[in-house]
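Reviewing the structure listed below.
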Amino acid sequence: MQSQAYNKERVEAILSKMSLEDKVAQMLQLSANANPSDIFEKFKSEGKLGSYLHVLGHETGSFLESAAQTELKVPPIFGIDAIHGHALLKPATVFPSQLAMACSWDDDMVEKVGEVTADEVAADGLNWVFSPVLCIGRDLRWGRIAETFGEDAELISRLGAAIIRGYQKNGNVAACAKHYLGYGEATGGRDSYDTEITERKAREIFLRPFKAAVDAGCMTFMTAYGSIDGESLTVSHRYLTEILKDEYGFDGFVVTDWENFRSTVQGQKLFESMDDACVAGVVAGNDMSMNSNEFYAALVNAAKEGRISIDVIDNAVRRILAVKDRLGLLDGEKKTPLSRDIIGCDAHQAFNYDVAVKSTVLLKNNGALPLAGAKKIAVLGPNATDVRAQYGDWTYFSHPNPKPEETGKECTYTVLKGIQAAYADSEIVYAKGCSVVGAEDAQTSDAWMNEALAVAADADASIIVIGDILDQNGETKDRANLVLSGRQNELVKRVKELGKTVIVVLVNGKPLELNEVEKYADAIVEGFNSGDMGGLAVANLIKGKENFSGKLPISFPYSSAALPCYYNQYDYWHFGQKYIDVPKGSPYPFGFGLSYSNFVYGDLSLDKTVLARGEKAELSVELKNDSAVDGEETVQLYFRDKICKILTPIRTLIDYKKVSVPAGESRTVTFTVDTEKLGYYNRDCEYCVDAGEFALYVSGDGKNFKEITLRVAE
Ligand code: GLC
157 MQSQAYNKER
167 VEAILSKMSL
177 EDKVAQMLQL
187 SANANPSDIF
197 EKFKSEGKLG
207 SYLHVLGHET
217 GSFLESAAQT
227 ELKVPPIFGI
237 DAIHGHALLK
247 PATVFPSQLA
257 MACSWDDDMV
267 EKVGEVTADE
277 VAADGLNWVF
287 SPVLCIGRDL
297 RWGRIAETFG
307 EDAELISRLG
317 AAIIRGYQKN
327 GNVAACAKHY
337 LGYGEATGGR
347 DSYDTEITER
357 KAREIFLRPF
367 KAAVDAGCMT
377 FMTAYGSIDG
387 ESLTVSHRYL
397 TEILKDEYGF
407 DGFVVTDWEN
417 FRSTVQGQKL
427 FESMDDACVA
437 GVVAGNDMSM
447 NSNEFYAALV
457 NAAKEGRISI
467 DVIDNAVRRI
477 LAVKDRLGLL
487 DGEKKTPLSR
497 DIIGCDAHQA
507 FNYDVAVKST
517 VLLKNNGALP
527 LAGAKKIAVL
537 GPNATDVRAQ
547 YGDWTYFSHP
557 NPKPEETGKE
567 CTYTVLKGIQ
577 AAYADSEIVY
587 AKGCSVVGAE
597 DAQTSDAWMN
607 EALAVAADAD
617 ASIIVIGDIL
627 DQNGETKDRA
637 NLVLSGRQNE
647 LVKRVKELGK
657 TVIVVLVNGK
667 PLELNEVEKY
677 ADAIVEGFNS
687 GDMGGLAVAN
697 LIKGKENFSG
707 KLPISFPYSS
717 AALPCYYNQY
727 DYWHFGQKYI
737 DVPKGSPYPF
747 GFGLSYSNFV
757 YGDLSLDKTV
767 LARGEKAELS
777 VELKNDSAVD
787 GEETVQLYFR
797 DKICKILTPI
807 RTLIDYKKVS
817 VPAGESRTVT
827 FTVDTEKLGY
837 YNRDCEYCVD
847 AGEFALYVSG
857 DGKNFKEITL
867 RVAE
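So the sequence shown is residues 157 to 870, counted in the working numbering.
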């Protein structure tokens, strides 16, 4: 599906009246917070710039007034990092992060998150979100794992397409598929570093979410900082034009990431000058430059000197004007803005609570949960009260204008506040226990620890909230060691040694090493960065008022040195199939998540077991809820080509369905298996489906599988 139609006549009429300078100004986006310069003021007063970023709604007036004074009256498009709600604006609804949301495996819910976010962004007077992140989070050392939908191309493709549909549903906001391409796969998990993927592997894995974004009608794309096999994405005509625009038919516009052109000069050392970099970047397929003041003069001069064809500039400007027209910015009619009352409103926060419940994963429960009958509960740990840690990145606290003095919103439920609300009849006592990074002096550190141990000794149960903090996640914050930092493991161990129930709640931006926590905790609840309502959701799940349904979209490591640990790897590893010093695979793999319900899978059946290419089969499985608790299960369907001309992963996700099953009842779950989805890319990047046997696997936890074989005939 392409994005909604635009008025070609109107766009061409505007383009035909534009001078070269007008056109190049449309191709430049400047940041309102990192650009106090005379050139910024010049552009602002002239009113012809294509876009601004990091402007909040109440700041847009002067930019719009300048544009309205011009002959062509083309307004700027305002871009903002609203990546889990319009979280850079304090009153707005802060949803769980993409990684947390992905634990829901709920396309419809994620689509609605996009719609609600876009409505709050539009109500604030803005019209472009730099979201979703479609990078594939397979190297856990990378700083931006929290911004991804996890490690799997199929799940990311579906959730990415869903949130794009949501963002663009009401026609006020453009989405932005980012970061094109391979950003999360950089060698060593190093931000913006080179990646070794081949075009074949790009097509098999990394391009899939972006193709899904094009098919969902995503109006804009953002070029990644990095490079593939030494070729900077910023100057990759192959990926930006031949594949994205020509082969996939992308008809929106491409914006670079922050100062990419400068990076090709100062970082990647591809060009002597910005002039050369900007020309090469636009020719490759970048239609707009994010910041880089020099861009304007570089391109105007290059066009006057004949170093870039005016057709290339016209095509870029045409794409930008087309998106503005789709958003209703060119028809000259004052759009009725949505009421600002919807920003952070109760209805949105009520929906946010449901999102947080579905985005929480139960990793371990030895029977300690649901926690009932505790008269006195100790809530311990640094992340029980840390709103910044709970929110994660790209909020009014953090990026791009860090505000250390800022405070959380009253409505935000930290885990402590959530436990206090859910266990109103119990006595709740809080003690910090330790910090996340352990930078304090020894005396302070011991005092915190001893206070927590005393509180825990006097309570019936302890809920320990740990994980990581904002400073350990985000752009340029790649992390080599994923062990729980500071004295967090020690706190869990010493509290458990008191002999009471210990429930660990994780508030973190990425999978961490939990080997020690696994030894001592009776239950482990994973919330990741869970947004405004995360604490209440976790508390009601612990209490049993809600039931867990979350499944991991990403695998946890046994060790930071045993990476990558994503599930869909090849199984040929010389004899041992594992490192000699850590267990094989992942303690909590992709697709894993427990529930208060007990789901039992029957055997699989196919309506036909031999198919021609292009044919489809119906696969069915009986799912029984063998418990006294109503529940919702995510039934996952994987496949493997048993014998293939090219190495294939042990299994690859091809479909999933969420199924509600009341206590004691059964449901038949069916999947349509399309042989077209069972293929691979050969050395020549041709998509092939070979004849032969295919294993189909159904699972609810990424650990246990029911299997059946299907044959594709010659
Ligand atoms: C940042 C990020 C990108 C973000 C952009 C605008 O550096 O890489 O994800 O959308 O700049 O803030």
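Every residue, glycine too, gets a C-beta built ideally from N, C-alpha and C.
The structure displayed is predicted, hence computed values, not measured ones.
Compute the beta-carbon to beta-carbon distance between residue i and residue j, rounded to the nearest angstrom, for a pair I have assumed lies under 8 Å.
| i | j | result |
| --- | --- | --- |
| Glu669 | Lys649 | Not quite, the Cβ-Cβ distance comes to about 14 Å (not below 8 Å), so this is no contact. |
| Asp759 | Ala773 | About 16 Å; that fails the 8 Å criterion. |
| Ala419 | Tyr395 | Correcting the residue identity first, residue 419 is Ser in this sequence and not Ala. About 16 Å separates the two Cβ atoms, so there is no contact after all. |
| Val421 | Ala472 | Actually they are not in contact, since the Cβ atoms of Val421 and Ala472 sit about 20 Å apart, beyond 8 Å. |
| Ala279 | Ile499 | 5 Å |
| Leu212 | Leu255 | Going by Cβ atoms, the distance from Leu212 to Leu255 rounds to 25 Å, so no, they are not a contact pair. |
| Leu229 | Ala223 | The question names Leu, but residue 229 is Lys in the sequence shown. At roughly 6 Å, the Cβ-Cβ gap stays under 8 Å, so Lys229 and Ala223 are in contact. |
| Val829 | Leu775 | 5 Å |
| Gly858 | Phe746 | 5 Å |
| Ser392 | Leu426 | No, Ser392 and Leu426 are not in contact; Cβ-Cβ is about 11 Å, not under 8 Å. |
| Ile680 | Ala617 | Not really, about 14 Å apart at Cβ, beyond 8 Å. |
| Asp549 | Asn629 | 6 Å |
Let's test the definition: count the other Cβ atoms within 10 Å of the Cβ of residue i and tell me whether it reaches 16, buried, or not, exposed.
| i | result |
| --- | --- |
| Pro493 | exposed |
| Tyr726 | exposed |
| Phe731 | exposed |
| Gln599 | exposed |
| Thr790 | buried |
| Thr570 | buried |
| Glu821 | exposed |
| Met157 | Residue placement at Met157 is poorly supported in this model, since its pLDDT is 45, which falls under 50; the coordinates still yield a value, given next. Exposed, because fewer than 16 other Cβ atoms sit within 10 Å of the Cβ of Met157. |
| Cys374 | buried |
| Gln792 | buried |
| Cys501 | buried |
| Lys334 | buried |
Residue i and residue j: beta carbons closer than 7 Å?
| i | j | result |
| --- | --- | --- |
| Ala851 | Val766 | no |
| Leu518 | Tyr744 | no |
| Pro556 | His214 | no |
| Val585 | Ile625 | no |
| Val167 | Ala459 | no |
| Leu184 | Tyr452 | yes |
| Arg463 | Val435 | yes |
| Lys532 | Glu583 | yes |
| Ser686 | Leu638 | no |
| Arg297 | Glu307 | no |
| Val777 | Val854 | yes |
| Ala181 | Lys198 | no |
| Leu654 | Ala695 | no |
| Thr412 | Met446 | yes |
| Ile384 | Thr351 | yes |
Classify residue i as helix, strand or coil using the three-state DSSP reduction.
| i | result |
| --- | --- |
| Leu290 | coil |
| Gln158 | Its pLDDT being 49, under 50, Gln158 is placed unreliably in this model, and the coordinates cannot settle the point. |
| Trp414 | coil |
| Lys229 | coil |
| Asp797 | strand |
| Gly787 | strand |
| Glu596 | coil |
| Gly820 | coil |
| Phe451 | helix |
| Thr570 | coil |
| Arg867 | strand |
| His393 | helix |
| Lys734 | coil |
| Gln324 | helix |
| Gly340 | helix |
| Lys255 | Note that residue 255 is Leu in the sequence shown here, rather than Lys. Correct three-state label for Leu255: helix. |
| Ala768 | coil |
| Cys434 | helix |
| Tyr218 | Checking the sequence, you will find Ser at residue 218 rather than Tyr. Ser218 falls in the helix class under three-state DSSP. |
| Asn557 | coil |
| His335 | strand |
| Ile239 | coil |
| Gly270 | helix |
Measure from the C-beta of residue i to each C-beta in chain C and report whether the shortest distance is under 7 Å.
| i | result |
| --- | --- |
| Pro667 | Protein chain content of the structure displayed is limited to a single chain, and chain C is not contained in it. |
task = Starting from the N-terminal end, write out each residue whose C-beta falls within a distance shorter than 5 Å of any non-hydrogen atom of the ligand GLC.
result = Asp237, Phe286, Asp413 and Trp414
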